[in-house]
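Trainee: Structure in structure tokens, see below.
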């Protein structure tokens, strides 16, 4: 309690354990939903399931035993609140990861999306998930097409594969390093070292830029005033900070900070935008890894990060 300085154990979820190993709360997820904290926890009786703790009453309870006799690992790949409903990934009794929902007002929990009924590696939201205009976009593997982009419409409750980018069973593994929505377009990386763009209206995808390594791998990205900033490697300048403008579809290296083929590994730890200036960490030959800044011409009227 910040006001009193008191500290106490709020809940002993794992009091049924044969030894005091604890319940490992929040290992897969923790999310505030009104005045209640929802989190994953392990007990000897239920394994890892979804639990809740009410911060007003101090009471805790099992929300739902989704995977009877084993762990559902709720929220392992995705968890978010939309229109006052908690959505989260969970493993069902057939060991398939699906997307579930919980309504706090009436206490109901149900399965929302099942990409397949049998494949145990669907893992919806393993790389990314984003909600745009009442549609949830996420990655999933249905075995037949590999890991690709899927969508769920909250209004009509339909589910479909948005784009089969890499045909065959291998999949493109979209969004493992970059996923940004700017305006009505989603920008993401795929396994073939490409930065892609998906028009969410027409649901057509194009190649933005081909690189020599996975763009955004091991780093952070950000968008400011319609420009996406990310780390990439063109094969000659090493891993540096790059940019893509949604205004004119141009892509360029922002700065060769560590000259030549040396890597600056820009934005490995952080990248932030403050008052129109991009701040990020990078390595230079003279100073090692330090904080850098980039100022671009200010633009107006662009949408913020989704």
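Numbering (the numbering used here), first residue to last: 10 to 315.
Think of the CB as a built atom: it goes at the ideal place given N, C-alpha and C, for glycine as much as any other residue.
Source: prediction; values computed, not measured.
Give the DSSP bridge partners of residue 232, in chain order.
Mentor: Residue 232 is bridged to 237.
Trainee: Helix, strand or coil: how does DSSP classify residue 107 here?
Mentor: strand
Trainee: With DSSP as the reference, please indicate the residues paired to residue 242 in a beta bridge.
Mentor: 248
Trainee: Mind checking which residues open and close the beta strand (DSSP E) that includes residue 213?
Mentor: 213-219
Trainee: Excluding five sequence neighbours on each side, which residues of the same chain lie with their C-beta closer than 8 Å to the C-beta of residue 17?
Mentor: none
Trainee: Residue 144 CB to nearest chain D CB: under 8 Å?
Mentor: Structure shown: chain D not included; a single protein chain is present.
Trainee: Using a 10 Å radius around the Cβ and a threshold of 16 neighbouring Cβ atoms, would you call residue 95 buried or exposed?
Mentor: buried
Trainee: Just curious, the beta strand (DSSP E) that residue 148 is in, first and last residue?
Mentor: It spans 144-150 - the beta strand (DSSP E) in which residue 148 sits, taken as one unbroken run.
Trainee: Check for me: the beta strand (DSSP E) holding residue 166 runs from which residue to which?
Mentor: No beta strand (DSSP E) holds residue 166; DSSP gives it neither H nor E.
Trainee: What residue from 143, 149, 138 has the CA that sits closest to residue 124's CA?
Mentor: Taking only the C-alpha atoms, the option nearest residue 124 is 149.
Trainee: Can you tell me which of the three DSSP states residue 87 falls into?
Mentor: coil
Trainee: Can you tell me whether residue 300 is buried or exposed, with buried defined as 16 or more other CB within 10 angstroms of its CB?
Mentor: exposed
Trainee: Indicate the three-state DSSP secondary structure (helix, strand or coil) for residue 153 in the structure shown.
Mentor: coil
Trainee: Looking at the structure shown, is residue 55 part of a helix, part of a strand, or coil, going by DSSP?
Mentor: coil
Trainee: Using beta-carbon positions only, say whether residue 317 and residue 253 come within less than 8 Å of one another.
Mentor: Residue 317 falls outside the range modelled here, since the chain spans only 10 to 315, and no answer is possible.
Trainee: How far does the beta strand (DSSP E) with residue 81 in it reach, from first residue to last?
Mentor: The continuous stretches of beta strand (DSSP E) do not include residue 81, and DSSP gives it neither H nor E.
Trainee: For residue 261, tell me which candidate among 186, 133, 217 has the shortest Cα-Cα distance.
Mentor: 217
Trainee: Taking the beta strand (DSSP E) that residue 264 falls in, what are its first and last residues?
Mentor: 260-264
Trainee: Taking buried to mean at least 16 other C-beta atoms within 10 Å of its own C-beta, is residue 91 buried or exposed?
Mentor: exposed
Trainee: What is the rounded straight-line gap between the Cα of residue 241 and the Cα of residue 223?
Mentor: 7 Å
Trainee: Which residues does DSSP list as the beta-bridge partners of residue 120?
Mentor: Beta-bridge pairing by DSSP links residue 120 to 109.
Trainee: Pick helix, strand or coil for residue 290, following the three-state DSSP scheme.
Mentor: Shown here, residue 290 sits in a strand according to DSSP, grouped into three states.
Trainee: DSSP has residue 69 in a bridge; who is on the other side?
Mentor: 62
Trainee: Kindly list the residues whose CB is nearer than 6 Å to the CB of residue 50, restricted to its own chain and excluding five residues on each side of it in sequence; keep chain order.
Mentor: 22, 32, 34, 60
Trainee: Please identify the residue among 19, 286, 228, 183 whose C-alpha is closest to the C-alpha of residue 63.
Mentor: 19
Trainee: Since residue 297 sits in a beta bridge, which residues does DSSP pair it with?
Mentor: 293
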